[in-house]
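Chemist: For the sequence shown, the positions run -19 to -1, 1 to 282 when mature numbering (1 follows the signal peptide of the UniProt record, and there is no 0) is used. Got a structure for you, written out below as structure tokens; questions coming shortly.
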Amino acid sequence: MHRKLITFLFLLTSLLASAQNKLTSPFSLTDYQNMRTEYLEAIKNNPDIVPENRFYYSKKKLDSVNAIKHDIIRQEWIRKGVDPSAITGEALQNAESNKQYYLQYAYFTTNRKGYDFYIYDTLKLILSDHKNVTIEYVFGKDTDTEYLHNKKIATVNQYFNSNGQLKRTDSYILPTQEGAEREITGISKEYNMIGKLLFEADWEKEFRHNKAQVLAAGDQLVRQHILKKIKSNDSRISDFQAKEMAANFLKYAQKSTQKFKSDDRIPMWYITYWTVSSRTELKINDKTLQMTDIRDFKMQE
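Structure representation (structure tokens):
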């Protein structure tokens, strides 16, 4: 009994962990197509629709949003000392801050399963539950792309649009700071058109080392690479000077990492170091933390 309970808890924990690394949609591929058709039919010859910049706005919503925007801009100008009598409707309409301010609230939308949705440029369906999840579905020539995201996780699915077969699925942990990189997570899979599995990777279970450990190893490898390159290019440079140059490169270089699997399915890391003048790329074996390839590039001016 005790052993069965432990097994059950282990399986439950595994399922919950897997669920946290992937988002799923409440809609089928047929649902997306039907919603697109429904939306395009609703805007056709509709006098309440204002098409602009590949979006479709509700005239009533747009009028309300413009009134709110004009009032906000008017109050802002008055606070800055502008004479209220000098603020005309034309000036408000032409205000630079007026062009995109609040326009998202004027989109013509309809609803399905608790999600409001609208179309961009006839080929991109955008859905939101206004709480947590946003879905973007792009209709392509050969493959359709489904992008689901909340504040923490994003899942990207590609489908062959000829038969709806899943082509590729990946999930990412989204950055919490602006400018930071997303990190692949969960399980990635790739299939051919008839559903044969071509590729699979479990980005947690198959990798032994974390990002910090790999960057520490990468710094050591790049330092050795730079020292060797400096000495081979100019033997007059002292060891102390070479070490200072290598240290400065590592101090000021921006760094990015990416997990991948080699052609023979070995877990690998791809690390990039770049400055305003150069870029260094290397590949590291996750198991051994040994470098398998390194390349240098000069940045174009």
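Don't be surprised by glycine CBs; every beta carbon is placed ideally from N, CA and C.
Since TYR118 contacts SER109 with CB under 8 Å, what's their CB separation in whole angstroms?
Modeler: Not a contact, Cβ separation roughly 12 Å.
Chemist: Below 6 Å CB to CB, which residues in the same chain sit around LEU263 once its five sequence neighbours on both sides are set aside?
Modeler: ILE252, MET272, ILE275
Chemist: If you measure between the beta carbons of ASP151 and ILE165, is that distance less than 8 Å?
Modeler: yes
Chemist: Keeping to the same chain, check which residues put their C-beta closer than 6 Å to that of LEU73; ignore five residues upstream and five downstream.
Modeler: Once the five neighbours on either side are set aside, the close Cβ partners of LEU73 are HIS51, ILE54.
Chemist: Please identify the residue among THR91, SER237, THR126, GLU225 whose C-alpha is closest to the C-alpha of PRO156.
Modeler: SER237
Chemist: Please report the distance separating the alpha-carbon of ASP12 from that of MET174.
Modeler: 21 Å
Chemist: Write down every uninterrupted run of the beta strand (DSSP E) in the region 92 to 120 whose length is 3 residues or greater and which is fully enclosed by it, in chain order.
Modeler: If we require 3 residues or more, the beta strand (DSSP E) runs fully inside the region 92 to 120 come out as 96 to 101, 105 to 109, 115 to 119.
Chemist: Are TYR83 and PHE36 touching if we call contact CB-CB under 8 Å?
Modeler: no
Chemist: Does DSSP classify VAL195 as helix, strand or coil?
Modeler: helix
Chemist: Measure the CB-CB distance between LEU231 and ASP200 and report whether it falls below 8 Å.
Modeler: Taking 8 Å as the Cβ cut-off, LEU231 and ASP200 qualify as a contacting pair.
Chemist: Taking the beta carbon of LEU4 as the centre, do at least 16 other beta carbons fall within 10 Å, making it buried, or is it exposed?
Modeler: buried
Chemist: Just to confirm, is the Cβ distance from LEU270 to HIS190 under 8 Å?
Modeler: yes
Chemist: Using the rule of at least 16 other Cβ atoms within 10 Å of the residue's Cβ for burial, across every protein chain shown, is ILE49 buried or exposed?
Modeler: exposed
Chemist: Jot down the residue ranges of each uninterrupted alpha helix (DSSP H) in the region 40 to 92, minimum 4 residues, whole runs only, in chain order.
Modeler: 40 to 60, 70 to 75
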